[in-house]
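For reference, the structure discussed in these notes is given below.
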Amino acid sequence: MNELQSPGKETRSRQALIVGGGFAGLNAALQLGNVKGVEVTLVDRHNYHLFQPLLYQVAMAGLSPADIAAPIRSLLSAYQNISVLLGEAQSVDLAGQKVQFDFGELNFDYLVLACGATHSYFGHNEWEKYAPGLKTVAHATEIRKRVLSAFEHAERITDPDEQKKYLTYVIVGGGPTGVELAGAIGEMSRFTLSRDFRRINPSHTRVILVEAGPRILPMFSEQQSNRAARDLENLGVQIWTSSVVTNINEEGVELGEERINAATVLWAAGVEASELGKSGGMPVDNRGRVIVEPDLSIQDHPNVFVAGDQSSFTHQTGNTLPGTAPVALQQGTFIGKTIREELTGKPRSKFRFHDKGQMATIGRSRAIVELGRFKISGFIAWLAWLVVHIFYLTGFKNRVLVVMQWAWSYLSFRRGARLIVDRDSSSEPPKAPEAKPEEEVPVSSEP
Ligand SMILES: Cc1cc2nc3c(=O)[nH]c(=O)nc-3n(C[C@H](O)[C@H](O)[C@H](O)COP(=O)(O)OP(=O)(O)OC[C@H]3O[C@@H](n4cnc5c(N)ncnc54)[C@H](O)[C@@H]3O)c2cc1C
């Protein structure tokens, strides 16, 4: 028995090992808190639980990282039977019932894998350095740095073509994250920054949302997708549908013969599950998600569960459940409950997802909401989006801070977290000659 797993506790307790403290892992742990007969160890490579649906607000300088992240340790501190460890899982040994971490090995009676997903560049990992994706706090602060630095750089240079390049933002991927990023840049350039610069006019910024499919937000109805497109266009965003990116480099984006010169390219196009499932010899689908049974365990290993973005569950509709927070949250809760009830001899049930609808936000006061045939859009939808996101935000302090931040940003059109904190001169674009102070630098007004 591993000392880390049961410091001074009875050895008869079952050991539940949870890897990942996102929506799925955290909610599995919460179900097992203070439950007799089980010792829980939750391991995450970060010491915080991150509310990813608001990550774009950090990337777009609306919120600070601490507003949307809470220490996992403190979220679980009320439960004496739960230990939280900081570490990265490297491999799973199903037969030996153990997981190898960067700090050592842990055994398990029950294993819950909830490591989430990361973005996929469809075999072009070399694009990542030119087009960061948005998945972690580090990604969000990197994107914030690039977006803000491009405006700063444009203000410093005189060459109109170069300026145009620095004031062109391309977002690849027309799903909810791409739409949120494009809307936020459109809004920031037209409202928040418009009075702050002297040599450039930020409202002449080009924001281009590139989508390979025929329309943005394909998971929504056509009517809602069209409404979102109109709202984005009102914020100055150009939407290029049926456009496939063929290359990304330091000059911008290529779409076959077409090229867009852009200093800032953001990736919101594809995701693939954590590699841990595949490397452990588990059955996986074409996106690396572990194929699970109706009770979320894996075939021939009823004590090993996989939840959230890392799992592929098809037993309800025939289609794989989407990688969303409600799916992860409900699956984590189900698994925790299953383990808890099994300890008292109850038989297992099948997981069923309760769909509470989907929503996406566009800029500061517009959104679309859809639940079956019920659809709303515009300001009312945005209010609904706001309430839901604040309700689900983990930790009371976060909620209060976020509401205050939003209220201030909404009333003042400002973005409080507009800081470039780690300006790295090596990642700066090449230095152009400084404009003389008396020179007014004209900016092309072409869209
Ligand atoms: C920018 C963005 C916006 C989104 N917006 C929405 C939205 O509006 N609505 C919605 O429903 N969903 C949204 N999602 C999707 C939603 O956030 C995910 O579906 C959800 O977070 C999945 O939860 P999870 O627990 O499976 O994984 P995650 O929340 O990703 O958690 C995985 C955890 O595992 C840890 N981990 C990963 N690998 C290891 C390892 N090897 N060892 C140890 N720990 C590890 C990570 O640090 C992380 O804490 C968004 C996602 C992103 C990225």
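Take 1 as the starting number for the sequence shown in the UniProt record's numbering and just add one per residue. Each residue gets a CB set at the ideal place from its N, CA and C atoms; glycine is no exception.
Where residue i falls: helix, strand or coil (DSSP)
| i | result |
| --- | --- |
| Met188 | helix |
| Gln15 | strand |
| Glu275 | coil |
| Gly281 | coil |
| Ser425 | Legend: pLDDT at Ser425 = 47, less than 50; position of this residue unreliable, value from coordinates given subsequently. Helix. |
| Asp93 | strand |
| Lys9 | A caution first: Lys9 carries a pLDDT of 47, below 50, which makes its placement in the model unreliable, though a value can still be read off. Residue state, collapsed to three classes: coil. |
| Gly20 | coil |
| Ile380 | helix |
| Pro71 | strand |
| Gln238 | strand |
| Ala367 | strand |
| Leu134 | coil |
| Glu438 | Because the pLDDT at Glu438 is just 34, under 50, the model does not fix this residue reliably, and the value given afterwards should be weighed accordingly. DSSP places Glu438 in coil when its eight states are reduced to three. |
| Glu446 | Only weak support is given to the placement of Glu446: the predicted model assigns it a pLDDT of 30, under 50, and the value that follows is read from those uncertain coordinates. Coil at Glu446, not helix or strand. |
| His354 | coil |
| Lys129 | coil |
| His119 | strand |
| Arg340 | helix |
| Phe101 | strand |
| Ser194 | coil |
| Glu258 | strand |
| Asn81 | coil |
| Gly323 | coil |
| Arg373 | coil |
| Leu329 | helix |
| Asn226 | helix |
Residue nearest to residue i in terms of C-alpha spacing, selected from the options
| i | options | result |
| --- | --- | --- |
| Asp102 | Val179, Leu17, Asp44, Val210 | Asp44 |
| Ser297 | Val179, Ala114, Ile68, Gln90 | Ala114 |
| Asp163 | Ala150, Gly175, Val265, Gly173 | Sequence inspection shows Gln at residue 163; the Asp mentioned does not correspond to that position. Here the closest residue by C-alpha is Ala150. |
| His204 | Ser194, Gln52, Gly213, Ala269 | Ser194 |
| Gln223 | Val284, Gly378, Phe391 | Gly378 |
| Thr141 | Pro65, Ala117, His315, Thr168 | Pro65 |
| Leu266 | Asn107, Gly87, Glu128 | Glu128 |
| Val290 | Arg227, Ala117, Lys356, Gln57 | Ala117 |
| Gly178 | Ile390, Thr241, Thr394, Leu26 | Thr241 |
| Gly87 | Tyr56, Ile18, Glu152 | Ile18 |
| Trp406 | Asp67, Arg14, Phe51 | Asp67 |
| Pro71 | Gly62, His46, Arg364 | His46 |
| Pro214 | Arg206, Ala229, Pro202 | Ala229 |
| Ile216 | Gly280, Pro322, Ile380, Ile362 | Ile362 |
Cβ distance (whole Å) where residue i is taken to contact residue j below 8 Å
| i | j | result |
| --- | --- | --- |
| Ala24 | Val40 | With 8 Å as the limit, Ala24 and Val40 do not qualify as a contact, their Cβ atoms being about 14 Å apart. |
| Phe353 | Val327 | 6 Å |
| Ala78 | Gly33 | 7 Å |
| Val253 | Val170 | 5 Å |
| Leu181 | Met60 | 7 Å |
| Ala89 | Leu276 | 6 Å |
| Leu209 | Gly174 | 6 Å |
| Leu232 | Gly183 | 6 Å |
Any chain D beta carbon closer than 8 Å to residue i
| i | result |
| --- | --- |
| Trp406 | This model lacks chain D altogether, as it is built from one protein chain only. |
For a minimum of 3 consecutive residues, which ranges assigned as the beta strand (DSSP E) are wholly contained in the stretch 283-319?
301-306
Run through the stretch 149-178 for me and flag every whole beta strand (DSSP E) of 3 or more residues, listed as ranges in chain order.
168-172
Segments of 3+ residues assigned as beta strand (DSSP E) that fall wholly inside the stretch 30-58
38-44, 48-50
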